[in-house]
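Just so it is clear: in the sequence shown, position 569 is 569 by the working numbering, and no numbers are missing.
Using N, Cα and C, we set each Cβ at its ideal position, and we do this for glycine too.
All figures in this text were calculated on a predicted structure; none of them were measured in a lab.
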Amino acid sequence: MKLVAPLNAFGRADLAMAGGKGANLGELVRHGLPVPDGFVITTHAYELVARGRDTREHFETVEPPDELREAVTDAYARLGGGPVAVRSSATAEDLPGAAFAGQQDTFLNVVGEQALLDAVRRCWASLWTDRAVAYRARLRLDDSEVRIAVVVQRMVEAETAGVMFTANPVTGDRTQLVVDAGRGLGEAVVSGLVTPDHYVLRPSGEVVDFMPGRGEVVVRSAEGGGVVHESPAGAGAQGDGQGDGRHGGPGARAERGPVPGTPGLLSDEVLRELATLGGRVAEVFGRPQDIEWAHVAGRLHLLQARPMTALPPPPVGPLDGIRRRTAEILMEYLPERPYPMDMSSWLPNGPAGQMSKVFAAYGVRNLIHEALKEEDGVVYRIVPVKPGFERKVLTAPFRALRKARRYNPARWTEDPRFQAYLKDVEKLRALDLEELPWEELRRVPRQAMDLVGPVADLRIDYLPGVGLALLRLMLGLTLLGRRKMFGELLLGAPTRTSDANRALERLAETARRTGALEAERPPAEFAPEFAPEFAPEFAAELADFMAEYGHRETASPILITPPTWADAPEVVLDLVRVLAAAPPKEREEQAGPPVRPRWLARRVAAARAGMVFREDSHFSFMMPAPVMRRALVEMGRRLAQARLLDRPDDVFHLRLEELESLRGTDDPAAARLRDVARRRAARREELSGVRLIDPAAVHPVTDPGPALLTGAAAGGGTATGPVKVIANVAEFGRLEPGDVLVCPYTNPSWTPLFQRAAAVVVDTGGAASHAAIVAREYGIPAVMGTGRGTSVLEDGLLVTVNGDTGTVTAAP
C-alpha cells in the first residue's frame with residue numbers, strides 16, 4: 001500500500017490513489033510534457049490518518065503516524081527540499097462534470113518539513129469545509145466515497161503565469177485557445193485578483209484577439225514561506241506568511257487602465273509554445289482542457305490540467321433555411337435538456353418519432369432526434385440536420401392525392417383504428433402500477449410507446465387531406481383577390497386545446513364563486529381525489545377536468561421526463577388562480593369573419609377541420625404519456641428503496657434499455673446503476689447553464705433600431721402592458737391580468753395564460769407555431785422567435801408589443 005510515490009508513478013487509471021489532479025499530472029509526465037518534479041501523498045495516507053473521523057477539525061489537529069511522516073520527509077528530501085507547492089487532489093476532482101475548481105485548498109511556497117506536514121493536514125481538512133461539502137451535495141456525490149490525495153511539487157518562481165483553455169470557453173470554438181496571463185505567480189489570475197492580459201489564439205499560436213490587462217496586483221513568494229501581494233510599484237505588500245496562496249488582500253491596486261499600444265506580457269514565441277503544449281494536452285486527454293501554466297527563465301511549466309467544464313457546444317456555423325427551421329422546432333420543443341431516458345424512449349418513439357414515420361412514408365428522412373448529440377451519456381448540443389430524400393418521394397404527390405380523396409380529416413375520430421386506440425389507452429390506464437410485479441412493470445413503458453403507432457398511421461393517411469384542403473382554400477382566396485384573409489379564416493376551429501381552455505375558465509368561475517382557492521396552496525403531491533379543503537363542487541369539477549385533460553404536457557410533448565398536468569396538478573391550480581383573478585376579457589376567442597360564397601364557406605370548413613385534426617391528433621398522441629412516466633417513476637422508487645438509486649427520479653438518468661434489462665431490484669447488474677446515474681447527473685448539472693445551441697445562430701440578432709426587441713410578427717395588433725417574465729410552468733401563478741407574457745417557449749399548457757395576458761413575446765417559435773395561432777385566436781399581439789426576449793426584458797418594464805411588425809418598444 002503506497003503512502004507516497006513520485007508523480008511519474010501515476011496515470012489516468014490511478015484516480016482512486018492519486019486523485020484527479022495527481023492522476024492528470026502523472027499522465028502529463030508520462031507523455032513527456034514539462035511538469036515540475038514532485039510526488040503524491042496518496043489516498044491511502046489520507047485513510048490511514050482519517051481512521052473514520054472525516055471532519056475538518058480532526059485533520060487540522062491530527063498528527064500523521066511516524067511511517068507517513070518519514071515517507072513524506074524522505075520524498076521531500078529527494079525533491080531537494082526548499083520551497084514547494086502543496087495542492088489538494090480529491091478523487092472526485094477534475095472529472096467531466098465535476099472540476100472542483102477552488103473547492104479544496106492549495107498552499108504555495110511552503111518551506112521546511114514541518115510547514116509541509118502542516119500544509120498536507122490543511123489540504124486534507126479542506127475536503128470537509130462547508131463550501132466543499134455543499135459543492136459535492138449539489139453534484140450529488142456521496143461524501144463517504146470521496147478521498148483526497150495531496151500533490152507536492154517543486155515551486156516555480158514564475159515571472160509570468162496564468163491559465164490556458166484549449167477551447168474558447170465563451171463561444172465553444174474548438175479551433176481557438178484562450179490564454180490569460182499576469183505577472184508573478186498564477187494565483188493572481190486564478191483567484192481573480194488581477195485583470196490579466198487576455199489572448200485568443202489559433203492552434204498555430206497566431207493571435208486572433210488581444211486585450212491588455214490592468215496589472216492591479218502581483219503575487220510573489222515571500223522570504224521564508226508564504227506569498228505576498230504587491231502593487232505594480234512594489235508598495236503596499238501584504239502576505240499571510242503561512243504558505244497559503246488562496247486568499248489575502250490585493251494590496252494597493254493600480255488604478256490605471258490598459259495603455260493603447262502597450263505590448264502584452266507574452267512574446268509571440270511563448271504564445272506559440274503555449275498553443276503547441278495546449279494542443280498536446282488536449283490530445284492526451286481527448287477533450288478540451290483547463291491548464292495552469294508558469295513561465296520563468298525562458299521555460300514553460302504546466303502546473304495542472306483538468307477537463308473544461310460548462311463548455312458551450314461548438315458553433316454550428318451558418319444555417320440554411322431548412323436547418324434553421326429544424327433548429328427553431330427543436331428550441332421550441334426542448335425547453336430543457338433531454339434526459340437519457342428521453343433519448344432512449346419517448347423522443348424516438350413518441351410524437352417526434354412518429355412524425356418522422358409520417359415523413360418517411362412519403363420518402364423524406366427527417367429524424368429530428370438525430371440532431372441531438374450526446375457526450376458522457378448526456379445530450380450536449382443540437383446540430384440541425386438536413387432531411388434526406390428517397391426515390392419514393394417522386395411518387396409521394398400521387399400517393400398523397402389518393403389518400404386525400406379517401407380519408408376525410410373531418411371524420412378521423414370515426415376511424416376504427418382510433419376507436420381501438422382509445423380502448424387500448426383505457427386498458428393501460430387501468431393498470432395498478434404499484435401492485436405490478438417487476439417483470440410486468442418493466443414492460444409498461446414499451447407498451448405505452450407501442451400504442452402511439454396507430455396515431456402515426458392515422459396522420460399518414462389523413463394529413464394529405466389537410467394539405468389539400470388548405471391548398472384549395474388558398475387557391476379560392478387567390479381567385480377572389482382575398483388571399484390575405486387566409487390566416488384569419490382559419491381562426492376559431494374548435495380543438496381539444498380550446499376545449500381545455502374553456503374548461504379551465506369554468507373551473508376558474510367555480511373557484512371565484514365558491515372561494516375554493518382562497519386557502520393556502522396545497523402541496524405539490526396534491527391529488528384531486530384527496531381535496532377535503534376544497535369546496536366539493538370545485539373538487540369534483542377538478543377531478544373531471546384531470547380525467548379528461550390530465551395527460552397534457554407541462555413542458556414538451558417530445559419529452560417523457562417532465563410531468564404532465566396529472567402528475568403536477570399544482571400547474572393546473574396556478575392556471576385556475578390566474579384565470580380566477582379577474583373576469584374573462586370582453587374580447588373572446590376569434591371566430592373568423594363571415595364567409596361567402598357558399599363554395600368558399602365549404603372550403604373554409606374543410607380547412608378548419610384539417611387544423612382540428614392536426615391539433616387533436618397531437619392531443620391524442622399524449623394519452624399514454626402519464627402511464628409511461630408513472631411506470632418509470634415506480635421503477636425508480638423501487639430501485640431507490642433498494643438503495644440502488646439515490647432517489648426515484650434518478651431513473652431518468654438511465655436509458656430505457658438499461659432499465660428493461662434488469663430482472664428485478666435484486667438483479668446483481670443493478671448495483672452499477674447508481675454510479676451510472678450519478679455520473680450523468682453530475683454532467684447534467686455541469687451543463688445546466690449551457691444552451692444546446694446558440695440562439696443567435698437560429699435567430700440572428702439584428703439591429704432593433706428604436707425598438708427594444710424584434711422577432712417574427714405573429715399578428716394580433718398592438719397592446720401595452722408591464723412585462724412579466726415567466727421562465728417555466730412553476731411560475732404560472734406570477735402572471736397577472738394585463739401583463740405582457742414574456743417566456744422562453746410555449747406549448748398547449750401555456751395557452752390558458754393568453755386569456756389574461758395583454759400580449760405574448762416568446763424567445764422561440766414562428767408565426768405558424770402553436771402559440772402564435774392560439775394568440776391570434778384570442779386576439780392578442782404575439783412576437784415570436786426573438787431569441788433573447790427573456791434576457792432583454794425585465795419584470796415591470798412597460799412595453800408596447802406590435803404583433804403586426806414583430807417589435808417590442810418601450811412605452812411612455
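Residue i vs residue j beta-carbon contact at 9 Å
i      : j      : result
Ala727 : Ala759 : no
Lys822 : Asp320 : Within the shown structure, residues of the chain are numbered from 1 to 812, placing residue 822 beyond reach of any answer.
Val111 : Gly38  : no
Glu660 : Arg442 : yes
Gly816 : Leu311 : In this structure the chain extends from 1 to 812, so residue 816 is not present and cannot be described.
Ser617 : Trp412 : yes
Gly803 : Gly715 : yes
Ile558 : Trp750 : no
Thr330 : Ala360 : Residue identity differs from the one stated: residue 330 is Leu in this sequence, not Thr. Contact: no.
Phe538 : Gly350 : no
Gly806 : Ala712 : yes
Val842 : Ser89  : The requested residue 842 is not part of the displayed model; the chain covers only 1 to 812.
Phe619 : Thr495 : yes
Gly225 : Ala115 : yes
Leu709 : Leu735 : no
Arg608 : Leu644 : no
Bounding residues of the beta strand (DSSP E) (the contiguous stretch that carries residue i)
i      : result
Leu428 : Taken as a continuous stretch (DSSP letters only), Leu428 belongs to no beta strand (DSSP E), being part of the alpha helix (DSSP H) at 416-429.
Gln104 : Neither: Gln104 is in no beta strand (DSSP E) and is coded neither H nor E.
Ile148 : 148-154
Pro695 : Careful: Pro695 lies outside any beta strand (DSSP E), inside the alpha helix (DSSP H) at 695-698.
His58  : Taken as a continuous stretch (DSSP letters only), His58 belongs to no beta strand (DSSP E), being part of the alpha helix (DSSP H) at 56-61.
Pro232 : First-last for Pro232: undefined, no H or E at that position.
Among the options, nearest to residue i - alpha-carbon criterion
i      : options                        : result
Asn109 : Leu127, Arg121, Val120, Gly82  : Gly82
Lys427 : Ser791, Met628, Leu28, Arg183  : Met628
Val296 : Gly205, Pro36, Thr309, Ala360  : Pro36
Ala867 : Pro557, Leu504, Ile560, Ala607 : Nothing in the structure corresponds to residue 867, since the chain is present only between 1 and 812.
Glu60  : Gly26, Tyr46, Val452, Ala158   : Tyr46
Thr786 : Thr751, Asp694, Ala730         : Asp694
Glu518 : Asp574, Arg502, Pro668         : Asp574
Met1   : Ala18, Asn8, Ala360, Gly11     : Ala18
Gly515 : Asp499, Ile41, Phe534          : Phe534
Ala161 : Leu177, Ala697, Ala75, Leu265  : Leu265
Gln419 : Leu458, Thr42, Val364          : Leu458
Gly765 : Asn366, Ala775, Tyr745         : Tyr745
Val572 : Gly550, Asp432, Pro583         : Gly550
Val729 : Pro562, Leu662, Asp646         : Pro562
Contact set for residue i: own chain, Cβ-Cβ below 7 Å, skip 5 residues either direction
i      : result
Leu15  : Ala23, Thr91
Val813 : Since the first residue shown for the chain is 1 and the last is 812, residue 813 is missing from the structure and cannot be characterised.
Thr55  : Trp128
Pro748 : Thr497, Arg552, His770
Val595 : Leu489, Ala601, Val604
Pro523 : Below a pLDDT of 50, predicted positions are generally treated as unreliable, and Pro523, at 42, falls in that range; the measurement from the model is reported next regardless. There are no such residues.
Thr73  : Glu113
Tyr407 : Asp461, Tyr462, Gly465
Arg381 : Pro313, Lys373, Leu692, Ile693
Extent of the continuous alpha helix (DSSP H) to which residue i belongs
i      : result
Ala16  : 15-30
Ser791 : 789-792
Gly476 : 444-479
Val190 : 187-190
Met355 : 351-361
Gly610 : 598-621
Phe39  : No alpha helix (DSSP H) holds Phe39; the beta strand (DSSP E) holding it covers 38-41.
His770 : 770-778
Sequence-distant residues of its chain with Cβ nearer than 6 Å to residue i (five each side left out)
i      : result
Pro648 : Val633, Gly636, Arg637, Ala640
Val576 : Leu507, Ala508, Ala511
Ile322 : Lys386
Leu25  : Leu7, Val35
Arg147 : Thr43, Tyr46, Thr91
Closer than 8 Å: residue i CB and nearest the ligand FMN heavy atom
i      : result
Ala327 : No copy of the ligand FMN occurs in the structure displayed, which carries no ligand at all.
Cutoff 8 Å; reference residue i; Cβ partners in own chain excluding five residues on either side
i      : result
Phe210 : Asp197, His198, Tyr199, Val200, Gly264
### Task
Assess, as a yes-or-no matter, whether the segment 717-727 is touched by the segment 782-802 under the definition of 3 or more beta carbon pairs within less than 8 Å.
yes
### Task
Decide if the segment 654-673 is in contact with the segment 339-356; the criterion is three or more beta carbon pairs, one per stretch, under 8 Å apart.
yes
### Task
Please confirm if the segment 759-777 is in contact with the segment 740-751, defined as three or more CB-CB distances below 8 Å between the two stretches.
yes
### Query
Between the segment 443-462 and the segment 381-397, are three or more C-beta pairs nearer than 8 Å?
no
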